[in-house]
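Peer 1:
In my numbering, the protein residues as written are 49 to 218.
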């Protein structure tokens, strides 16, 4: 259904389209410019080449098109935060859930991560449903400061832990 891959220089127009309209309602005051999208892709490519790698940003592809992004950032102690964004015209197809499941598997199997956490704006309950479908559990809430010209809110916080290896239990 979907595939994840590292970003390439030609992805900047797709990234600009992803970061526009209703997709950015809870993340940015307005959509990305072409220059911002090009810089975003350039930064993601640099992070993909870094050793050790601390940030991952994968294009969510359907067929030949990039419909979204899923990313995670190492926060230390084998913990990373994860986020995702889809083009508005692709919502409701299960792409975010599948991308999140694939990125969780990658983080646990290849990035040395044992705990992933995420949050979402309380006015975006669909994002919480995506997290739950991908295996995350709500662990509480956390306050945020003012953003996008709005007062701070308490956001739901979720996490998923890497399953223990049954052959290596103590």
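Where a beta carbon is used, it is the ideal one built from N, C-alpha and C, also for glycine.
For residue 220, list the residues DSSP reports as bridge partners.
Peer 2: For residue 220 there is no data in the structure shown, the boundaries of the chain being 49 and 218.
Peer 1: Bridge partners of residue 119, per DSSP?
Peer 2: Looking at the DSSP assignment, residue 119 forms a beta bridge with 105 and 131.
Peer 1: Leaving out five residues before and five after residue 186 in sequence, what residues of the same chain have Cβ atoms less than 6 Å from its Cβ?
Peer 2: So the list reads 204 and 206, once near-sequence residues are dropped.
Peer 1: Hey, how far is the Cα of residue 116 from the Cα of residue 77?
Peer 2: If you take the alpha carbons of residue 116 and residue 77, they lie about 19 Å apart.
Peer 1: Which residues does DSSP pair with residue 54 in a beta bridge?
Peer 2: In DSSP, residue 54 forms a bridge with 106.
Peer 1: Enumerate in chain order the residues of its own chain whose CB-to-CB distance from residue 65 is below 8 Å, with the five nearest sequence positions on each side excluded.
Peer 2: Excluding sequence neighbours, residue 65 sits near 135.
Peer 1: Take residue 63 and list the residues in its own chain whose beta-carbon comes closer than 8 Å to its own, dropping the five residues that flank it on each side.
Peer 2: For residue 63, where only same-chain residues beyond five positions count, the Cβ hits under 8 Å are 55, 80, 85, 88, 89, 114 and 117.
Peer 1: Consult DSSP for residue 225 and reduce its assignment to one of helix, strand or coil.
Peer 2: Residue 225 falls outside the range modelled here, since the chain spans only 49 to 218, and no answer is possible.
Peer 1: In the DSSP assignment, find the alpha helix (DSSP H) that holds residue 212 and state where it starts and stops.
Peer 2: Per DSSP, residue 212 belongs to no alpha helix (DSSP H) and is neither H nor E.
Peer 1: Looking only at its own chain, which residues have a Cβ that is under 8 Å from the Cβ of residue 180, when we skip the five neighbours before and after it?
Peer 2: Cβ neighbours of residue 180 beyond the five flanking positions: 186 and 206.
Peer 1: What span of residues does the alpha helix (DSSP H) with residue 125 cover, start to end?
Peer 2: Residue 125 -> no alpha helix (DSSP H), and no H or E assigned at all.
Peer 1: Using the three-state DSSP reduction, which class does residue 113 fall into: helix, strand or coil?
Peer 2: If DSSP states are grouped into helix, strand and coil, residue 113 belongs with the strands.
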